[in-house]
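Visitor: Below is a structure I'd like to ask you about.
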Amino acid sequence: MPRTDADGTEIEYSIDTELSSGNLKFLAEYLRRRYLLEHEKYRTFTNIRIVSENGGQNLFYRVLVPNTKQHVDVTVNASIPIRVTVKLSDTNVPKSFLDQLYEDLFLIVQLFEEETRKTTLYLAFMPGEKMVPEKEKTGMLARIFTDSMLPLYITLMALTFVFFWIFGPYAPLIFVALSFVLLLFSGKLIATSGTWKITEAQPEIQLLQYNFSADEFKEFRRKYAKKIPEIRKALYQTTLAVDKSINCETASDVFAKYGVACKPDDFSVKKVNLREIVEQASSKFNLPVPTVVVTNTIVPNAAAAGLSPRLGTIMVTTGIMTQLEQDELLSVVGHELSHLRAHDPFVMFALSSAEYLLRFYVFWPYLFFFGFYSFWLYFIVAIGLIYFFGKFLEGRADLDSAKKIGQPKVMAEALRKIAFRRLFPLKKREPSFRGYRRSEWLRFDPHPPAYFRIAQLERLQSPEKIEHTFLKSVKDALKGFLRA
Numbered sequence: 002m003p004r005t006d007a008d009g010t011e012i013e014y015s016i017d018t019e020l021s022s023g024n025l026k027f028l029a030e031y032l033r034r035r036y037l038l039e040h041e042k043y044r045t046f047t048n049i050r051i052v053s054e055n056g057g058q059n060l061f062y063r064v065l066v067p068n069t070k071q072h073v074d075v076t077v078n079a080s081i082p083i084r085v086t087v088k089l090s091d092t093n094v095p096k097s098f099l100d101q102l103y104e105d106l107f108l109i110v111q112l113f114e115e116e117t118r119k120t121t122l123y124l125a126f127m128p129g130e131k132m133v134p135e136k137e138k139t140g141m142l143a144r145i146f147t148d149s150m151l152p153l154y155i156t157l158m159a160l161t162f163v164f165f166w167i168f169g170p171y172a173p174l175i176f177v178a179l180s181f182v183l184l185l186f187s188g189k190l191i192a193t194s195g196t197w198k199i200t201e202a203q204p205e206i207q208l209l210q211y212n213f214s215a216d217e218f219k220e221f222r223r224k225y226a227k228k229i230p231e232i233r234k235a236l237y238q239t240t241l242a243v244d245k246s247i248n249c250e251t252a253s254d255v256f257a258k259y260g261v262a263c264k265p266d267d268f269s270v271k272k273v274n275l276r277e278i279v280e281q282a283s284s285k286f287n288l289p290v291p292t293v294v295v296t297n298t299i300v301p302n303a304a305a306a307g308l309s310p311r312l313g314t315i316m317v318t319t320g321i322m323t324q325l326e327q328d329e330l331l332s333v334v335g336h337e338l339s340h341l342r343a344h345d346p347f348v349m350f351a352l353s354s355a356e357y358l359l360r361f362y363v364f365w366p367y368l369f370f371f372g373f374y375s376f377w378l379y380f381i382v383a384i385g386l387i388y389f390f391g392k393f394l395e396g397r398a399d400l401d402s403a404k405k406i407g408q409p410k411v412m413a414e415a416l417r418k419i420a421f422r423r424l425f426p427l428k429k430r431e432p433s434f435r436g437y438r439r440s441e442w443l444r445f446d447p448h449p450p451a452y453f454r455i456a457q458l459e460r461l462q463s464p465e466k467i468e469h470t471f472l473k474s475v476k477d478a479l480k481g482f483l484r485a
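Sequential numbering of the sequence shown, starting at 2, is according to the numbering used here.
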């Protein structure tokens, strides 16, 4: 949370980061180049300088407030966490302007973290596992069977003509029955697709990051890309398997074998007790703890599958655990529990199936009234409306998480990290970009635009007082779309 001094002219806040101390030394120059210099037409920056202090680097700059004589002096200290000090010329600087300055910095930091991931070795471990997985899973099943399951329905709908060729007029009914069977077992299918199953006996995942320079990583990948599972297994056997912690000292012999001289500044390990997080969230929702699996992929994602919490599975990737802090993960898990509690996968199945059956048994004689194009127009509108309804459910899940977990601003921060790419370019927030924003609402995506979800969560003052989260979600989404 930001801290403001007594006279209201100085604000301090921090930005959590997954960066190692070795990479932080490049942050100030990256911010200067990718933010201050590239966005000169968007903002007016002056007095830019980088100063080395106490082994680290500070970035100083001034931002002029448009159409006023006001200004803001910003200091960014490249530490863990990143510390930012904002000094105002007076107390009348608009809060909306200060909020945008914070989001500017936050998003450029995310961009820098994304760049560093391209030259970072990530290895994940579960203490107590009998065998280290030899290869990472793609998460394809998770993308098909989670949350709305719309990708599955669209895929099966594409097979419509095959169904008709085999089953004749009964094809739509058989299609719906097959989809329901897949929905019924979707939780188990996701559970079997995970790399690890989280249990009371094995509640924790440990995430190792080692940062290379661009040239070093290119050389490492050239020589040892196919041996990464072998490196993971060797590290596990020399550390966790013999009750030793993973650190640069215990990993140095294994690293040396593969041509890496371990540097403590580039080495970090993060421990995540995922079982504890899910249990805490389930307790707040008054739900049984669902099955929890981890998929070993750098893609940041969390999703829920199944008809109910008892039959459901929550899938979390190592990528999202790497990027988010514990409190942020708690809010994200709360969002997924909301989907299970409200039976959202079944709701979307019922809606999609109803449209599908109506299309073939009721609307079919009229769909080609204006030729083949009228069929595709109907199809696009119908699927678009189903996706738009999905936005109501996603918005409700955000509100449920805020209401039960009680930290809407933390959930907003998590969304910024996960969906930061959708918040670029920065100038998209200006009124002249209203058309662009409206197009984001019309995408075939069950999630509302990221900027809208973040703004809604940050505006919430007393989420525990919301009586009907679904009705509020519908109202907010329609307002957001019309105002976009």
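Cβ coordinates follow ideal geometry from the N, Cα and C atoms, glycine included. Keep in mind it's a predicted model, so treat the numbers as computed, not measured.
1. Quick check on Phe371: buried or exposed, where buried means 16 or more other Cβ atoms within 10 Å of its Cβ?
2. In or out: Asp254 buried (at least 16 other Cβ within 10 Å) or exposed?
3. I'd like to check one pair, Glu337 with Lys410: are the Cβ atoms closer than 7 Å?
4. Where does Phe168 land, buried or exposed, given buried means 16+ other C-beta within 10 angstroms?
5. Buried or exposed, going by whether 16 or more other CB atoms sit within 10 Å of the CB of Glu1?
6. With DSSP run on the structure shown, which of helix, strand or coil describes Asn68?
7. Going by beta-carbon coordinates alone, are Val300 and Ala192 separated by less than 7 Å?
8. Under a Cβ-count criterion, where at least 16 other Cβ atoms within 10 Å of its own Cβ denotes burial, should Glu489 be classed as buried or exposed?
9. For Tyr43, which of helix, strand or coil comes out of DSSP?
10. Could you check if Phe369 is buried or exposed, using at least 16 other CB atoms within 10 Å of its CB as the buried criterion?
11. Helix or strand or just coil, what does DSSP make of Ser214?
12. Please report the straight-line C-alpha distance between Ala226 and Val85, rounded to a whole angstrom.
13. Could you tell me which of Tyr367, Ala478 and Leu352 sits nearest to Phe181, measuring between CA atoms?
14. Counting only runs of 4+ residues fully inside the region 168-208, write out the alpha helix (DSSP H) ranges in chain order.
15. Taking 6 Å as the limit between beta carbons, can you name the residues of its chain near Gly1, skipping five residues before and five after?
16. Leaving aside the five residues before and after Lys473 along the sequence, list all residues of the same chain whose C-beta is less than 7 Å from its C-beta, in chain order.
17. Work out the CA separation of Phe213 and Gly260 for me, nearest whole Å.
18. Mind checking which residues open and close the alpha helix (DSSP H) that includes Arg460?
19. Since Val73 and Val64 are thought to touch, with beta carbons under 8 Å apart, how far apart are those beta carbons, to the nearest angstrom?
20. Helix, strand or coil, according to DSSP, for Ile387 in the structure here?
21. Counting only the same chain and skipping the five closest in sequence on each side, list residues whose C-beta sits under 6 Å from that of Gln238.
22. Quick check on this structure: which residue in Arg311, Lys271, Lys26 and Glu329 has the alpha carbon closest to the alpha carbon of Ile419?
23. Could you tell me the distance, in whole angstroms, from the CA atom of Gly188 to the CA atom of Phe61?
24. Quick one: residues in its chain with C-beta nearer than 6 Å to the C-beta of Phe445, no 5 flanking neighbours on either side, listed in chain order?
25. What residue range does the beta strand (DSSP E) around Lys88 cover?
26. Are the Cβ atoms of Gln324 and Ser269 separated by less than 7 Å?
27. Which stretch, first to last residue, makes up the beta strand (DSSP E) that contains Leu124?
28. Quick one: what does DSSP say Gln408 is sitting in, helix, strand or coil?
29. So the candidates are Ala403, Phe350 and Glu104; which of them puts its Cα closest to the Cα of Arg422?
30. From what residue to what residue does the beta strand (DSSP E) around Val273 run?
31. What residues match up with Asn78 in a beta bridge as DSSP calls it?
32. Mind checking Lys136: buried by the 16 CB within 10 Å criterion, or exposed?
33. Whether or not the region 171-185 and the region 233-248 are in contact is what I'm after, with contact meaning three or more pairs of Cβ atoms, one per stretch, closer than 8 Å; do they touch?
34. Could you spell out where the beta strand (DSSP E) holding Tyr14 opens and where it closes?
35. Run through DSSP, which three-state label would Asn24 get?
36. Quick check on this structure: which residue in Glu201, Phe425, His469 and His448 has the alpha carbon closest to the alpha carbon of Gln101?
Guide: According to the structure shown:
1. So Phe371 counts as exposed.
2. Here Asp254 is exposed, its C-beta having fewer than 16 other C-beta atoms within 10 Å.
3. No.
4. It is exposed - the Cβ of Phe168 has fewer than 16 other Cβ atoms within 10 Å.
5. Since the first residue of the chain shown is 2 and the last is 485, residue 1 is not available in this structure.
6. Coil, per DSSP.
7. Between Val300 and Ala192, the CB-CB gap reaches or exceeds 7 Å.
8. It is not possible to answer for residue 489, since the shown part of the chain is limited to 2 through 485.
9. DSSP places Tyr43 in the coil class of the three-state scheme, outside both helix and strand.
10. Residue environment: Phe369 is assigned as exposed (fewer than 16 neighbouring CB atoms within 10 Å of its CB, all protein chains considered).
11. Here Ser214 carries a coil assignment [DSSP, helix/strand/coil].
12. Approximately 38 Å, taken between the alpha carbons.
13. Of the listed residues, the one whose Cα sits closest to Phe181 is Leu352.
14. Within the region 168-208, the complete alpha helix (DSSP H) runs of at least 4 residues fall at 172-185 and 187-194.
15. The structure shown does not extend to residue 1, since the chain is modelled only from 2 through 485, so no value can be given for it.
16. The answer, listed in chain order, is Leu400 and Ile467.
17. Roughly 12 Å between the two C-alpha positions.
18. Judged by DSSP secondary structure, Arg460 falls within the alpha helix (DSSP H) whose first and last residues are Ala451 to Arg460.
19. That pair is a contact at about 5 Å.
20. Ile387: helix per DSSP, three-state reduction.
21. Counting only Cβ-Cβ distances below 6 Å, and skipping sequence neighbours, we find nothing.
22. Comparing Cα positions, the closest option is Glu329.
23. Approximately 51 Å, taken between the alpha carbons.
24. Excluding residues within five positions, the ones whose Cβ falls inside 6 Å are Tyr388.
25. In the DSSP assignment, Lys88 falls within the unbroken beta strand (DSSP E) covering Ile83 to Leu89.
26. No, these two residues do not count as a Cβ contact at 7 Å.
27. It spans Thr121 to Phe126 - the beta strand (DSSP E) in which Leu124 sits, taken as one unbroken run.
28. The three-state reading of DSSP puts Gln408 in coil, since its state is none of H, G, I, E or B.
29. The residue with the shortest Cα to Cα distance from Arg422 is Glu104.
30. Unbroken beta strand (DSSP E) run through Val273: Phe268 to Asn274.
31. Per DSSP, Asn59 and Arg84.
32. Because the pLDDT at Lys136 is just 45, under 50, the model does not fix this residue reliably, and the value given afterwards should be weighed accordingly. So Lys136 ends up on the exposed side.
33. Remark: fewer than three beta-carbon pairs, one from each stretch, lie closer than 8 Å, so the region 233-248 and the region 171-185 are not flagged as touching.
34. For Tyr14, the uninterrupted beta strand (DSSP E) segment begins and ends at Glu11 to Ile16.
35. DSSP, read as helix, strand or coil, puts Asn24 in helix.
36. Nearest of Glu201, Phe425, His469 and His448 to Gln101, Cα basis: Phe425.
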